[in-house]
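*Asks:*
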Amino acid sequence: MLNMVSINLDSITTQEAFIINKAPIDGKEMKLTLSRKCTPTNDAPNKYIGYCSAEMRFADELDVDMLDTSFLVKVVLSAEFSSPDCSTKFSTDELTEYALLQMFPHVRATLASIMASAGLTAYLIPTNGIIH
Numbered sequence: 215m216l217n218m219v220s221i222n223l224d225s226i227t228t229q230e231a232f233i234i235n236k237a238p239i240d241g242k243e244m245k246l247t248l249s250r251k252c253t254p255t256n257d258a259p260n261k262y263i264g265y266c267s268a269e270m271r272f273a274d275e276l277d278v279d280m281l282d283t284s285f286l287v288k289v290v291l292s293a294e295f296s297s298p299d300c301s302t303k304f305s306t307d308e309l310t311e312y313a314l315l316q317m318f319p320h321v322r323a324t325l326a327s328i329m330a331s332a333g334l335t336a337y338l339i340p341t342n343g344i345i346h
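If you want it as structure tokens, here you go:
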């Protein structure tokens, strides 16, 4: 169970958003990979930076080099967080899980919007299993 972490999401920015669409989706099985991390900054003891990415590709092309893949949608977002209490120390796991919970709706929306802007049916990342 995740302890309650008192950190505010101050800003969020899209770092990367791209799509490779060389083959029709046609109901092919997809694989979604979410990655995230959050670490303290050197600026102040109560400032943190988080990164969250989502990458979706054909399940049978997971080991294919990105430039040779038929289909790929990837988004990477960064966020700045601050804690109202400078004396509170958080574990890396707490920070990382909190970053995912705060950034997940933004990553989800960015992935869906880049697909829609490319003329594809937007894929909405399911929230079950991600947000408890």
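All residue numbers for the sequence shown refer to the numbering used here, where the first residue is 215 and numbers rise by one. Glycine included, each C-beta is placed from N, C-alpha and C at the ideal position. This one's a predicted model, so the numbers in the text were calculated from it and none came from an experiment.
Would you report the Cα separation of residue 222 and residue 321, rounded to the nearest angstrom?
*Replies:* As a first step, residue 222 must be located in the sequence shown, where it is residue number 8. As a first step, residue 321 must be located in the sequence shown, where it is residue number 107. Approximately 17 angstroms, taken between the alpha carbons.
*Asks:* Sorted by chain position, which residues of the same chain lie with C-beta nearer than 7 angstroms to residue 157's C-beta, five sequence neighbours on each side aside?
*Replies:* Coverage of the chain is limited to positions 215 through 346, which leaves residue 157 absent and any answer about it impossible.
*Asks:* May I have a chain-ordered list of the beta strand (DSSP E) segments no shorter than 3 residues that lie completely inside the segment 269-313?
*Replies:* Counting whole runs of 3 or more residues, the segment 269-313 contains the beta strand (DSSP E) stretches 285-296.
*Asks:* Please state the DSSP three-state secondary structure of residue 223.
*Replies:* Taking the sequence shown and counting its residues from 1, one reaches residue 223 at position 9. Three-state DSSP puts residue 223 in a strand.
*Asks:* Measure the C-alpha to C-alpha separation of residue 281 and residue 335 and round it to an integer number of angstroms.
*Replies:* Here residue 281 corresponds to residue number 67 of the sequence shown, with the count starting at 1. Here residue 335 corresponds to residue number 121 of the sequence shown, with the count starting at 1. About 22 angstroms.
*Asks:* Going by C-alpha to C-alpha distance, which of 262, 271, 253 sits closest to residue 233?
*Replies:* Along the sequence shown, read from residue 1 onward, the residue named residue 233 stands at position 19. The residue with the shortest Cα to Cα distance from residue 233 is 271.
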